[in-house]
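Note that the protein sequences, when read in sequence, are chains P and H.
The first sequence begins at 0 in numbering that gives the first Met the number 0 and counts up one residue at a time.
The second sequence begins at 0 in numbering that gives the first Met the number 0 and counts up one residue at a time.
All C-beta atoms in this analysis are idealised placements derived from N, C-alpha and C, irrespective of residue type, glycine included.
All values derive from a computational prediction rather than experimental measurement.
Number of protein chains: 2
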Amino acid sequence: MTTMSNRYQPPLSPNRPTMRHVATLAGVGIKTVSRVMNEEAGVSEATRTKVLEASRQLNYQLDVTAGSLRRAGRRTLSVGLLLPSVSNPFSGEINRALEDALSARGIAVFAASLDDDPQREQSIIAAFLGRRVDGLVLTPIAKNQSYTIPEHSRDLPMVFIDREPVGVDADAVVTDNAIGAAKAAAHLLAHGHTKIAYLGDRTDIQTARERKRGFLEEIGRAGIPSSSVPIRENLHDEETARQAAIELLTSENPPTAIFSSQNLVTFGTMRALKELGKNREVALVGFDDFTLADMMDPGVTVIAQHPDRIGVRTAERLLARIDGDQEPPRTYVVPSELIQRGSGEIRPPA
Amino acid sequence: MTTMSNRYQPPLSPNRPTMRHVATLAGVGIKTVSRVMNEEAGVSEATRTKVLEASRQLNYQLDVTAGSLRRAGRRTLSVGLLLPSVSNPFSGEINRALEDALSARGIAVFAASLDDDPQREQSIIAAFLGRRVDGLVLTPIAKNQSYTIPEHSRDLPMVFIDREPVGVDADAVVTDNAIGAAKAAAHLLAHGHTKIAYLGDRTDIQTARERKRGFLEEIGRAGIPSSSVPIRENLHDEETARQAAIELLTSENPPTAIFSSQNLVTFGTMRALKELGKNREVALVGFDDFTLADMMDPGVTVIAQHPDRIGVRTAERLLARIDGDQEPPRTYVVPSELIQRGSGEIRPPA
DNA sequence: GATTTCTTTGACAACGATGTCTAATCGTTA
DNA sequence: TAACGATTAGACATCGTTGTCAAAGAAATC
Chain P
0 MTTMSNRYQP PLSPNRPTMR HVATLAGVGI KTVSRVMNEE AGVSEATRTK
50 VLEASRQLNY QLDVTAGSLR RAGRRTLSVG LLLPSVSNPF SGEINRALED
100 ALSARGIAVF AASLDDDPQR EQSIIAAFLG RRVDGLVLTP IAKNQSYTIP
150 EHSRDLPMVF IDREPVGVDA DAVVTDNAIG AAKAAAHLLA HGHTKIAYLG
200 DRTDIQTARE RKRGFLEEIG RAGIPSSSVP IRENLHDEET ARQAAIELLT
250 SENPPTAIFS SQNLVTFGTM RALKELGKNR EVALVGFDDF TLADMMDPGV
300 TVIAQHPDRI GVRTAERLLA RIDGDQEPPR TYVVPSELIQ RGSGEIRPPA
Chain H
0 MTTMSNRYQP PLSPNRPTMR HVATLAGVGI KTVSRVMNEE AGVSEATRTK
50 VLEASRQLNY QLDVTAGSLR RAGRRTLSVG LLLPSVSNPF SGEINRALED
100 ALSARGIAVF AASLDDDPQR EQSIIAAFLG RRVDGLVLTP IAKNQSYTIP
150 EHSRDLPMVF IDREPVGVDA DAVVTDNAIG AAKAAAHLLA HGHTKIAYLG
200 DRTDIQTARE RKRGFLEEIG RAGIPSSSVP IRENLHDEET ARQAAIELLT
250 SENPPTAIFS SQNLVTFGTM RALKELGKNR EVALVGFDDF TLADMMDPGV
300 TVIAQHPDRI GVRTAERLLA RIDGDQEPPR TYVVPSELIQ RGSGEIRPPA
């Protein structure tokens with residue numbers, strides 16, 4: 000220890016205190032303060048207390064971002080989360096599960112909404128990268144051409160949700176969409192239905208395609224030609240779904256059961272059934288659970304996803320990657336679950 | 000311009016490029032690159048193009064956090080948002096509206112969930128401050144003793160939602176809770192009810208208290224002694240609400256109408272009514288709108304809040320403060336709205 | 001043609017922290 | 001008692017950027 004005085008004295012203004020303020024007050028060097036703040040070893044108990052006391056007195060708060068500049072691995076202790084929309088309940092659940100897992104490690108989450116806008120997607124990812132996030136979780140709905148992650152960020156820890164990564168080496172966490180849809184089909188078949196309609200989301204959405212595939216395959220296994228299955232697709236909101244359902248139900252040879260591939264489509268279908276007074280006659284199984292599904296008339300049978308489990312698994316993978324896991328990327332499947340509530344157990348008219 | 004060479008040449012590694020990389024490639028000084036990136040004036044068109052080209056070639060991405068260290072006002076272009084829970088639909092709407100308004104200005108949002116845990120609140124706020132956010136939006140539910148914002152952060156732009164700030168000078172954006180609840184009471188009174196029960200949330204929640212007050216005042220104005228009003232409080236989830244409602248409805252002198260002060264309480268009440276087969280006899284008005292309210296039997300009449308408008312107004316205030324608005328803090332009221340759907344229009348038995 | 005002014009540009013020192021390296025101190029042991 | 005390793009501490013450079021300032025060159029004025 001050559002001298003006790005630093006090169007210059009900070010103004011010690013009433014502004015937000017820095018490490019130097021704490022150091023001068025405690026009468027130690029700035030690096031020592033750093034050590035105490037980061038709970039590094041090699042500080043005597045006496046100095047530690049001195050520093051802590053000074054820090055408490057000044058109400059000092061370590062500047063995480065400034066530290067990230069020099070910190071090993073340049074960790075910023077923040078991750079970016081790209082969701083269809085933060086206001087969508089499914090996304091909210093995932094967001095929450097992720098937050099819980101990451102906050103335990105002191106990692107904060109930037110969340111942003113995509114809204115199926117590829118332009119927006121570009122700029123959000125850029126914004127995340129510009130903030131030097133330690134990892135990325137991507138939950139896009141639509142198939143957007145290229146996930147243009149710049150070359151130099153290719154090894155950024157990344158986890159995709161509900162979508163297989165293309166062109167990037169990354170883990171993915173998905174629901175067993177095809178299997179879930181097959182379960183729905185099997186359930187309706189088991190209740191005696193043979194005329195089961197499929198109401199589906201936009202075909203450029205990978206999960207929607209998977210669900211359709213699983214559904215049709217199961218129907219096929221029952222010996223029903225898929226050409227005889229009424230299919231209405233590219234329904235992306237309640238209203239278009241409602242119209243499609245009405246059209247189908249008032250047609251010459253209406254289905255006795257309906258499988259709807261997504262929340263909003265289910266809602267539209269429920270509306271149509273109620274309007275036509277057929278809600279107790281035509282069976283319905285929807286993909287995705289929703290609040291109050293059991294309070295409907297009848298309760299709505301669904302294939303429930305588990306956003307919380309998806310979130311937990313995602314967090315686990317992301318943290319593993321951040322911690323240096325070099326295993327080849329994998330896709331993790333979170334099983335869906337059939338929940339019987341009445342609408343799916345309606346039998347066809349004899 | 001003394002020399003053209005910088006003190007040292009960067010390794011020009013395949014890693015993430017910095018400004019210096021761009022500068023060397025473009026053959027200009029690093030400050031010039033900074034100017035171009037920040038669209039500062041005083042750069043000739045020729046140099047601008049050169050720099051932009053080099054930046055494009057290297058896929059350079061400005062490091063926002065590093066810049067914040069030196070930038071005037073130390074802007075980090077990020078804000079912290081504290082919500083009851085990111086998975087709660089009401090919070091989600093607010094989050095979304097805020098994001099839309101702030102992302103237009105290049106500001107990213109850290110969202111975190113509080114879960115009524117004062118401990119957690121402390122650490123989240125500390126985490127936000129440690130990341131040097133440019134502003135704070137706080138949406139706590141429960142009354143938590145002290146909003147301990149350290150002295151030196153007192154002038155940090157801050158907006159409270161649904162809660163008057165105490166001990167801090169800050170704007171607030173709130174729903175007209177008392178007025179909304181009064182509207183509910185008036186509506187039920189107008190339909191001939193005199194025995195109207197109040198089912199309420201935890202009494203330590205300010206908005207819950209306001210709603211109760213507004214409700215009782217309106218009842219009082221109708222000449223009904225508030226002592227004769229059945230009141231059940233501190234219901235914080237569906238199950239306790241359901242039990243309270245059942246108790247009330249099976250009592251000797253059951254109410255002919257119910258006002259429930261919050262979403263989950265409304266759900267519990269709906270369940271109770273359905274179980275007792277009274278859903279078409281007993282009137283119900285709930286505070287807070289919810290998905291599929293119109294699909295219930297009967298449709299549920301509600302006092303709807305407007306989380307989107309709350310979010311927009313909040314963003315507006317926060318940005319104004321960030322931009323230096325020094326007006327004395329105000330509380331902004333976003334009006335609620337009565338939506339008739341059937342359950343609130345049931346008349347008492349003759 | 002000589003000033004003066006304006007425009008364009010880069011060197012340099014920060015910002016607040018941490019990694020590296022070296023120095024002082026303290027026990028321990030030969 | 002001297003030598004040594006272990007422990008504790010601080011000086012310093014540095015992370016990637018921006019604010020300040022000064023200098024070079026071009027344009028405008030006399």
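With 8 Å as the threshold, decide whether the Cβ of residue i is near any Cβ in chain H.
{"i": "Glu150 of chain P", "result": "yes"}
{"i": "Phe286 of chain P", "result": "no"}
{"i": "Thr249 of chain P", "result": "no"}
{"i": "Asp296 of chain P", "result": "yes"}
{"i": "Arg131 of chain P", "result": "yes"}
{"i": "Asp154 of chain P", "result": "no"}
{"i": "Gly91 of chain P", "result": "yes"}
{"i": "Lys273 of chain P", "result": "yes"}
{"i": "Phe214 of chain P", "result": "no"}
{"i": "Leu198 of chain P", "result": "no"}
Put residue i into one of helix, strand or coil per three-state DSSP.
{"i": "Asp170 of chain H", "result": "strand"}
{"i": "Glu326 of chain P", "result": "coil"}
{"i": "Thr313 of chain H", "result": "helix"}
{"i": "His191 of chain H", "result": "The sequence shown places Gly at residue 191 of chain H, rather than the His named in the question. Gly191 of chain H falls in the coil class under three-state DSSP."}
{"i": "Gln144 of chain H", "result": "Note on Gln144 of chain H: pLDDT 49, under 50, position unreliable in the model; the coordinate value appears next. Of the three classes helix, strand and coil, the one that applies to Gln144 of chain H here is coil, per DSSP."}
{"i": "Thr300 of chain P", "result": "strand"}
{"i": "Met295 of chain P", "result": "coil"}
{"i": "Leu337 of chain H", "result": "strand"}
{"i": "Gly129 of chain P", "result": "helix"}
{"i": "Leu137 of chain P", "result": "strand"}
{"i": "Leu113 of chain P", "result": "coil"}
{"i": "Ala282 of chain P", "result": "strand"}
{"i": "Ile106 of chain P", "result": "coil"}
{"i": "Val165 of chain H", "result": "coil"}
Just mark residue i as buried or exposed, buried being the case when its beta carbon has 16 or more other beta carbons within 10 Å.
{"i": "Lys30 of chain P", "result": "exposed"}
{"i": "Val32 of chain H", "result": "buried"}
{"i": "Ser225 of chain H", "result": "exposed"}
{"i": "Ala189 of chain P", "result": "exposed"}
{"i": "Pro16 of chain H", "result": "buried"}
{"i": "Arg73 of chain P", "result": "exposed"}
{"i": "Asp287 of chain H", "result": "buried"}
{"i": "Gly199 of chain H", "result": "buried"}
{"i": "Leu155 of chain H", "result": "buried"}
{"i": "Thr23 of chain H", "result": "buried"}
{"i": "Glu98 of chain P", "result": "buried"}
{"i": "Val165 of chain P", "result": "exposed"}
Are the Cβ atoms of residue i and residue j separated by less than 8 Å?
{"i": "Ile345 of chain H", "j": "Pro254 of chain H", "result": "no"}
{"i": "Leu135 of chain P", "j": "Ile123 of chain P", "result": "no"}
{"i": "Val78 of chain P", "j": "Asp133 of chain P", "result": "yes"}
{"i": "Ile302 of chain H", "j": "Gly179 of chain H", "result": "yes"}
{"i": "Ala177 of chain P", "j": "Glu209 of chain P", "result": "yes"}
{"i": "Ala126 of chain P", "j": "Ala107 of chain H", "result": "yes"}
{"i": "Glu120 of chain P", "j": "Pro139 of chain P", "result": "yes"}
{"i": "Leu61 of chain P", "j": "Met36 of chain P", "result": "yes"}
{"i": "Pro297 of chain P", "j": "Arg270 of chain P", "result": "no"}
{"i": "Ile309 of chain P", "j": "Thr174 of chain P", "result": "yes"}
{"i": "Ala240 of chain H", "j": "Val264 of chain H", "result": "yes"}
Counting contacts by CB-CB distance shorter than 8 Å, is residue i in contact with chain P?
{"i": "Met269 of chain H", "result": "yes"}
{"i": "Glu98 of chain H", "result": "yes"}
{"i": "Thr17 of chain H", "result": "no"}
{"i": "Thr290 of chain H", "result": "yes"}
{"i": "Phe159 of chain H", "result": "no"}
{"i": "Gln144 of chain H", "result": "Here Gln144 of chain H scores only 49 on pLDDT, less than 50, and its place in the model should not be relied on; the value that follows carries that caveat. Not one chain P Cβ lies under 8 Å of Gln144 of chain H."}
{"i": "Ala65 of chain H", "result": "yes"}
{"i": "Val362 of chain H", "result": "A question about residue 362 of chain H goes unanswered here, because the residues of chain H that appear run from 0 up to 349."}
{"i": "Asn58 of chain H", "result": "yes"}
{"i": "Asn14 of chain H", "result": "yes"}
**Q.** Continuous beta strand (DSSP E) assignments of at least 3 residues falling wholly in the stretch 36-101 of chain H
**A.** Counting whole runs of 3 or more residues, the stretch 36-101 of chain H contains the beta strand (DSSP E) stretches 77-82.
Q) Which residue spans inside the stretch 215-277 of chain H form an unbroken alpha helix (DSSP H) run of at least 4? A) 237-248, 262-274
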